[in-house]
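Asker: Dropping the structure in here first, questions after.
Numbering (my numbering), first residue to last: 924 to 1163.
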């Protein structure tokens, strides 16, 4: 079981990801369904909370409804009032990541086919604009008006800016698909995989994010709109 505060999981902080999967939204929908079954409004629930500052509690509910981070103590009280157990949240979380990560595992499994087809992907907007859950970047003070897509990710692999060499096993470098951090604090981490284990790993610490940050900042948008494609990774593999 995954035992964590669902509002501070690094795998959900992907601000430059255009995936159809949204943990906070699905969590809200899951909890809100329980609320509706009990025929309660959020104002009703606020007055069932301990403490006298009901306006503050209602403000936290408004954050929750906007899929923002909710105070973990209020969240735990909300679960108690709605008779939602921690086991139910764990099961929901496990199911979400199982569904959300299917395309990531498919990407890793078929990496050679996809990478070797990069020219075709780059030249076809519908293929280049494919996204999958987990890919992206999140840097403090850095923003763009378009998300990381499959076409751009393959470009960063081609230029090796999203690759970390493996000194002990040079034939198995790490391919980064998500990078985050801050140039000011020096706190940086990444998610990636290699072709030996073919399993994703999360939150690996990095001594610097210069290569990824420069690559993201300097990448020139292609001559077609960067709009997330309706095609799935599974459909892409069938096309290739």
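Glycine residues also receive a C-beta, built at the ideal position from the N, C-alpha and C atoms.
Only a predicted model underlies this, so the values are computations on that prediction, with no experimental measurement involved.
By DSSP, does residue 1087 sit in helix, in strand, or in coil?
Answerer: strand
Asker: Skipping 5 residues on each side, what residues in its chain have a beta carbon closer than 8 Å to that of residue 1084?
Answerer: 1134, 1135, 1137, 1138
Asker: Roughly how many whole angstroms lie between the Cα atoms of residue 1184 and residue 1063?
Answerer: No information on residue 1184 is available, as it lies outside the stretch 924 to 1163 that the chain covers here.
Asker: Exposed or buried, what is residue 1014 when buried is set at 16 or more other beta-carbons lying within 10 Å of its beta-carbon?
Answerer: exposed
Asker: Three-state secondary structure (DSSP) at residue 1112?
Answerer: strand
Asker: Only counting runs of 4 or more residues, tell me where the alpha helix (DSSP H) segments fall wholly within the stretch 950 to 1029, in order along the chain.
Answerer: 965 to 969, 977 to 988, 995 to 1004, 1009 to 1023
Asker: Determine the DSSP secondary structure at residue 932, reduced to helix, strand or coil.
Answerer: Caution is warranted here: a pLDDT of 36 is assigned to residue 932, below 50, making its placement in the model unreliable, and the coordinate value is therefore given only provisionally. Residue 932 falls in the coil class under three-state DSSP.
Asker: Whole angstroms are fine: how far does the CA of residue 1075 sit from the CA of residue 1051?
Answerer: 8 Å
Asker: With a threshold of 7 Å on Cβ separation, who are the neighbours of residue 1040 within its own chain once the five nearest residues in sequence on each side are excluded?
Answerer: 1163
Asker: Compute the distance between the beta-carbons of residue 1047 and residue 1151, then report whether it is under 8 Å.
Answerer: Result no, Cβ atoms of residue 1047 and residue 1151 do not sit closer than 8 Å.
Asker: Measure the beta-carbon distance from residue 1100 to residue 1086 and round it to whole angstroms, keeping in mind my assumption that it falls under 8 Å.
Answerer: Contact flag wrong, Cβ pair sits at about 11 Å.
Asker: Taking the DSSP output, what are the residues bridged to residue 1101?
Answerer: DSSP output for residue 1101 lists 1059, 1114 as bridge partner(s).
Asker: For residue 1149 versus residue 1072, is the C-beta spacing smaller than 8 Å?
Answerer: yes
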